[in-house]
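These notes concern the structure reproduced below.
Residue numbers (my numbering), protein chains in the order written: chain A, 1 to 89; chain B, 1001 to 1222.
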């Protein structure tokens, strides 16, 4: 078994109201910053998975992302592998 | 039903008893529903609303029994956070987003009752609107347009924000509460249990509890 580390990114879908993003965008003026637009706030979840190979590990993470970490009605998500990769300590 | 972080469970219990129900608190790790005819998922912040409101409560051990109860035609009412749990569990359609105002909204609203032929609304007199309080940060009802059309076409919208109080959270088509296709699972954002005695400012919420008592009794008598 090998341990794989993944990151799952979850973002509000296109067209879904994102009051957090709007609030952040509204605050930019207070920083004196111009030219920043279309702020969207999502979340990133990092986790380690023990599996026989990368494909199996990715399958587990994708299931977790689709069933729990994101609500597919309102959010889109994607999975990336992040290091380090190795045998469990 | 009490989840870790529920905070309207005792209010719901009190309102249910006031309506004449033989009501008790269930814990989210209970193996079964102790023969209940009606299950109420109360308001609050189950699991701290971590991840998304209702997302973690959906995986509580008792939810298997709640699904089975709903599949048998048993009555389920989700109030506020309980509505969020029902959407996450797929027991009613839709999702509840952060309020369009970005603020936690707590105030009185007025609800139109779209149907009175359901176990949740049968005791509501014709033409009557309900005055109930809301208290939520994530109550903006969302369903993609075509699915919302379908929901409307089958009579799935049970309550709408109405009157001068208006739509407090930006919900699509003023939806405040929905009912599943079979007509035995309902979720709404306003709190009927907080409008259960004149002392609280309104008794309108009791119309829902009385409806449920009547329909549960009718089912039991069959």
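Beta carbons: idealized from backbone N, C-alpha and C, even for Gly.
As the structure is a computational prediction, the values presented were derived from the model and not from experiment.
{"Check": "Closest to residue 49 of chain A by CA distance: which of A:29, A:79, A:70 and A:22 is it?", "Outcome": "A:79"}
{"Check": "Beta carbon of residue 11 of chain A, beta carbon of residue 52 of chain A: below 8 angstroms?", "Outcome": "no"}
{"Check": "Report the neighbours of residue 1170 of chain B on chain A: residues whose CB is nearer than 8 angstroms to its CB, in chain order.", "Outcome": "17"}
{"Check": "Using 8 angstroms as the threshold, is the region 1053–1069 of chain B in touch with the region 1155–1172 of chain B, meaning 3 or more CB pairs across them?", "Outcome": "no"}
{"Check": "Cα-Cα, which of B:1200, B:1053, B:1179 and B:1097 is closest to residue 1118 of chain B?", "Outcome": "B:1179"}
{"Check": "Buried or exposed: which applies to residue 1104 of chain B, given that a residue is buried once 16 or more other Cβ atoms fall within 10 Å of its Cβ?", "Outcome": "exposed"}
{"Check": "Residue 1079 of chain B and residue 1042 of chain B - do their beta-carbons sit closer together than 8 angstroms?", "Outcome": "yes"}
{"Check": "I think residue 1212 of chain B touches residue 1077 of chain B, with their Cβ atoms under 8 angstroms apart; what is that distance to the nearest whole Å?", "Outcome": "7 angstroms"}
{"Check": "Suppose the cutoff is 7 angstroms on Cβ atoms and the five residues either side in sequence are ignored; what does the same chain contact list for residue 1053 of chain B look like?", "Outcome": "1081, 1084, 1096 and 1138"}
{"Check": "What would DSSP say about residue 1189 of chain B, mapped onto helix, strand or coil?", "Outcome": "coil"}
{"Check": "Just how far apart, CA to CA, sit residue 1130 of chain B and residue 1203 of chain B?", "Outcome": "9 angstroms"}
{"Check": "8 angstroms is my cut-off, CB to CB: does residue 1195 of chain B come that close to chain A?", "Outcome": "no"}
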